[in-house]
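Residue numbers (the numbering used here): 1 to 169. Heads up, the beta-carbon is just placed ideally off N, CA and C, and yes, glycines get one too. Following: one structure in structure tokens, then a few remarks.
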Amino acid sequence: LRTNGHWDQALALHRTALVAARSIGDRSGQASAICQLGAVHRLAGDYPAALISQNEALTLYRDLGDRPGEGDALTELGTVRWLIGEYLAADATLGQALELWGELCDPRGEADVLCQLGTVQRLTGDHVAALDSQAQALQLYRDLGDRLGEADALRNLGDAHYANGDYPA
């Protein structure tokens, strides 16, 4: 549903999952449903709802001691912050996520956050850092065999080269 843009259906399913998790007192399930709701809100362009969801998910994940969940929520929260132009907050949030994914030795989490962080760096004029972040993400995605991630990193790397004036690259 996320891949094909069926936002209404995805929102309905995640809301149903949230109700179910709450009805049985499954706080981990609640955090996951809220985080996924936030991701769909972001994709649908409802950034205020995405911020609310990701902040709520982050609090739940931290209360539960769920570090991978915390990494997911931080990555999503940082992404929404750059989309609304809060670049300093996005940079700080994504930096926290990158540190956490590194501690967890999770290359996919690192690659995902590096792509987002590189975009923030490009948008704030730090082209050298943007190129480095996107190159690191690209290598991680290639190591994982993640062709979709590789495509995202290549697109972002191209944007960073363009912003840096390196048109041939």
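Using a threshold of 9 angstroms, state whether the C-beta atoms of residue i and residue j are closer than that.
i: Leu11; j: Leu37; result: yes
i: Cys105; j: Ala73; result: no
i: Tyr162; j: Ala153; result: no
i: Glu56; j: Leu100; result: no
i: Ala90; j: Gly78; result: yes
i: Ala129; j: Gln121; result: yes
i: Arg22; j: Leu64; result: no
i: Ala17; j: Gly29; result: yes
Please classify residue i: is it buried, with 16 or more other beta-carbons within 10 angstroms of its beta-carbon, or exposed?
i: Asp112; result: buried
i: Tyr61; result: buried
i: Val80; result: buried
i: Arg108; result: exposed
i: Pro169; result: Position check: residue 169 holds Ala in this sequence, whereas Pro was assumed. Exposed.
i: Leu148; result: exposed
State the DSSP-derived secondary structure class of residue i, mapped to helix, strand or coil.
i: Tyr167; result: coil
i: Thr3; result: coil
i: Asp46; result: coil
i: Glu103; result: helix
Measure the C-alpha to C-alpha separation of residue i and residue j and round it to an integer number of angstroms.
i: His6; j: Ser53; result: 19 angstroms
i: Thr59; j: Leu88; result: 21 angstroms
i: Gly165; j: Ala137; result: 21 angstroms
Please go through the same chain and pick out, in chain order, the residues whose beta-carbon is closer than 7 angstroms to the beta-carbon of residue i, but skip the five residues on each side of it.
i: Asn156; result: Cys115, Gly118, Thr119 and Gln134
i: Ala97; result: Gly71, Leu74, Thr75, Gly78 and Val113
i: Ala49; result: His41
i: Leu43; result: Arg2 and Trp7
Using C-beta distances below 6 angstroms, list every residue in its chain close to residue i, excluding the 5 sequence neighbours before and after it, in chain order.
i: Thr124; result: Tyr87
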